[in-house]
Amino acid sequence: MLLIENLSVAYPARQGAAAVLKALSLSIPEGEVLAVLGPSGCGKTTLIHTLAGVVHSQSGRVVLERDGRQTPLNPKTHAIAVIPQNCGLLPWKTVRQNCLLPARLRGQDIGKAQAAFEQICEALKIGHLKDSYPNHISGGQLRRAAMARAFLQNPDVLLMDEPFTALDEITRYEAWDLFLSTWRQQRAVTILVTHSLEEALYLGREIAVMGQTGGAILSRHENPFFSQLQPDAPEYAALKKRLLHSLAPAQEAAL
Amino acid sequence: MNGMNKHLYYFALGFFTVNLFWALGYLLTGTPVIPSPWTVYAQTGKLLQNNILLHIALSLKRIGLGLLLSLAVGIPVGILMAYSKIAGAVLRPFVYFTYPIPKTALLPIAMFLWGMHDGSKVAILFLIIVFQVMISVRDGIESIDPAYYLVTVSAGASRMQIIRHVTLPAVLPALMTSLRISIATAVAVLFFAEGYGTRYGMGYYILDAWSRLDYAGMYAGILVISVVGYWLFASIDMLSKRLYRWR
Chain Z
1 MLLIENLSVA YPARQGAAAV LKALSLSIPE GEVLAVLGPS GCGKTTLIHT LAGVVHSQSG
61 RVVLERDGRQ TPLNPKTHAI AVIPQNCGLL PWKTVRQNCL LPARLRGQDI GKAQAAFEQI
121 CEALKIGHLK DSYPNHISGG QLRRAAMARA FLQNPDVLLM DEPFTALDEI TRYEAWDLFL
181 STWRQQRAVT ILVTHSLEEA LYLGREIAVM GQTGGAILSR HENPFFSQLQ PDAPEYAALK
241 KRLLHSLAPA QEAAL
Chain C
1 MNGMNKHLYY FALGFFTVNL FWALGYLLTG TPVIPSPWTV YAQTGKLLQN NILLHIALSL
61 KRIGLGLLLS LAVGIPVGIL MAYSKIAGAV LRPFVYFTYP IPKTALLPIA MFLWGMHDGS
121 KVAILFLIIV FQVMISVRDG IESIDPAYYL VTVSAGASRM QIIRHVTLPA VLPALMTSLR
181 ISIATAVAVL FFAEGYGTRY GMGYYILDAW SRLDYAGMYA GILVISVVGY WLFASIDMLS
241 KRLYRWR
């Protein structure tokens, strides 16, 4: 279980509107995906950066609870994998070098990582791209390579920042599908931040709606339509409507 | 066109136009200060007799030392300027203030500090190259996509690992581009730096011929320095193409 308690993050005086989190609390049960849905600029990305250890919080804590023991989440002691918006593959490294980098950074057995890499490349259908550079492959392939890198780390926590929204529809459905089938084999605690209702409904077991300011969680919804593509059920439309209402009550009232 | 052919093509084109203007200058002015290209080319046989290879080697050694020192100092300082708020605040104004100073004007100080031999020559070449290195490294770092830090920090990378896997490869292209330009400047400055305290170097060769009013020999030396300069420029260009195939 990942516990986020009273997390506050403020950027030191910098120009431009810096997104800030104020006393954010969230919990994600073991083996679940929480989709955090929110408008752009609401602090979703800051949340990911903080959990990944790039941005430091002013107060509050993030702990991973396992077998009744709580340890503060830290990239030095936990395997944290991130799939950022543009995938974040280092352009000067091949897909293989990118995927094996976390193991190298952590000083793990490269031979073992190599074998796992070969396997996951087959599963994600990028076997022919292992030695390609990221700038030379397509957007969909890039996402799959980023997934390979993330899953290879066997992460305790998986963080995703709208990794699929830049894809065209067909490629996106394919990527979602591949993601879920691979994710099911490890079931890392996962946070997916997105502004896409559809994505949240497909990939999130639960959906939390974040407000425009301060990263406040406005509502949290169970999602019975997890991993179902465009279900016809009237409940699906109703849930979508509730989420939309929760996201932008003011706009909806104006319509 | 591949890299090698492209450089040969530009070299041939440059060579042709330079000679064209040169011949025109000779025919139009008729002064002994501009000897005809054919007189000068007749002199090129003498270059080898005059140990031109040794002159070239010693000039390259000075440039090489200046370059190594510049990289050894410029890269860490550039990294510090970008990553440390305090170092950035202190160094930035200093660098921008001293950047426009013509480095050859500091020659007396360099001579005073490092003597008349290679010390002061390397110091001047160092001063010319190091600013380009610092600034291109710092600017290169500022344009790194934050996602690259995100994926490496979350994977447990230490500071040194980040510098090795993210920072250095990311700034390399900009660094190579600026080196291409600053090394060309360094070659041009040999003319001053080798004007004293030595009997070898391409700059010395030109100045020596000039002082003997041997204009044909002087132009032969100028030809040599431009060919060597072009060769340096082209090799850095080809090296950088090879280094970032990933682009």
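Protein chains in written order, with the working numbering: chain Z, 1 to 255; chain C, 1 to 247. Don't be surprised by glycine CBs; every beta carbon is placed ideally from N, CA and C.
As the crow flies, the alpha-carbon of C:Y148 is around 18 angstroms from that of Z:I137.
The straight-line gap separating the alpha-carbon atoms of Z:G204 and Z:F226 is approximately 6 angstroms. Distance from the CA of C:L91 to the CA of C:L27, rounded to the nearest whole angstrom, comes to 53 angstroms. If the five residues before and after Z:S57 are omitted, its C-beta is found closer than 7 angstroms to the C-beta atoms of L7, S8, V9, T50, all from its own chain and listed in chain order. The Cβ of Z:I80 sits closer than 8 angstroms to at least one Cβ of chain C.
At a cut-off of 8 angstroms, the C-beta of Z:P102 has a neighbouring C-beta in chain C. Residue ranges of uninterrupted alpha helix (DSSP H) with 4 or more members, entirely inside the stretch 141-229 of chain Z and ordered along the chain, are 169-183, 197-203.
For C:A72, no Cβ of chain Z is located within less than 8 angstroms of the residue's own Cβ.
DSSP places Z:Q70 in the uninterrupted beta strand (DSSP E) bounded by 69-72. C:E194 sits in coil when the DSSP states are folded into three classes, being neither helix nor strand.
Taking a Cβ-Cβ threshold of 7 angstroms, none of the residues of chain Z is close to C:Y83; the smallest such distance is about 13 angstroms. Looking at the backbone, the Cα of C:V18 and that of Z:K130 are separated by about 49 angstroms. Here Z:Q114 is not near Z:I126, since their CB atoms are 8 angstroms or more apart. The Cβ atoms of C:L106 and C:I128 do not sit closer than 8 angstroms to each other.
Burial state of C:M202 is buried, judged by a 10 Å Cβ sphere holding 16 or more other Cβ atoms. Secondary structure within the stretch 67-141 of chain C: not one fully enclosed beta strand (DSSP E) run of 3 or more consecutive residues is present. In the DSSP assignment, Z:L124 falls outside any alpha helix (DSSP H) and carries neither an H nor an E.
By the neighbour-count criterion, in which a residue is buried when 16 or more other Cβ atoms sit within 10 angstroms of its Cβ, Z:D109 is exposed. An exposed status is given to C:V227, since fewer than 16 other beta-carbon atoms sit within 10 Å of its beta-carbon.
At a cut-off of 8 angstroms between beta-carbon atoms, Z:K76 makes contact with chain C. For the stretch 46-68 of chain Z, the set of positions with a beta-carbon nearer than 7 angstroms to some beta-carbon of chain C reads H49, A52, G53, V54 in chain order. Between Z:M210 and the set Z:P102, Z:P155, Z:R66, Z:H195, the nearest pair of CA atoms involves Z:H195. With its beta carbon at least 8 angstroms from every one in chain Z, C:S143 lies outside the interface. Chain-ordered, the chain C residues with CB closer than 8 angstroms to the CB of Z:P84 read A147, L150, V151. By the 16-neighbour rule on beta-carbons within 10 angstroms, C:V133 is buried. A buried status is given to C:H55, since no fewer than 16 other beta-carbon atoms sit within 10 Å of its beta-carbon. Note on geometry: alpha-carbon atoms of Z:P155 and C:S154 lie some 10 angstroms from one another. Identification of residues in the stretch 116-141 of chain Z having a C-beta nearer than 7 angstroms to some C-beta of chain C yields Y133, N135, given in sequence order. At least one C-beta of chain Z is nearer than 8 angstroms to the C-beta of C:A157.
In this structure, the straight-line span from the alpha carbon of Z:L2 to that of Z:G53 is close to 15 angstroms. In the three-state DSSP reduction, Z:A115 falls in the helix class (H, G or I). Among the residues of chain C, those whose CB is under 8 angstroms from the CB of Z:R106 are A155, G156, following chain order. Against C:V166, the close residues of chain Z are L90, in the order they occur along the chain (beta-carbon pairs closer than 8 angstroms). Across the set C:Y9, C:P173, C:G156, C:D214, the C-alpha of C:P173 shows the shortest separation from the C-alpha of C:L243. Exclusion of the five residues before and after Z:L247 leaves V209 as the residues of its chain whose Cβ lies within less than 6 angstroms of its Cβ. The straight-line gap separating the alpha-carbon atoms of C:L48 and C:G64 is approximately 23 angstroms.
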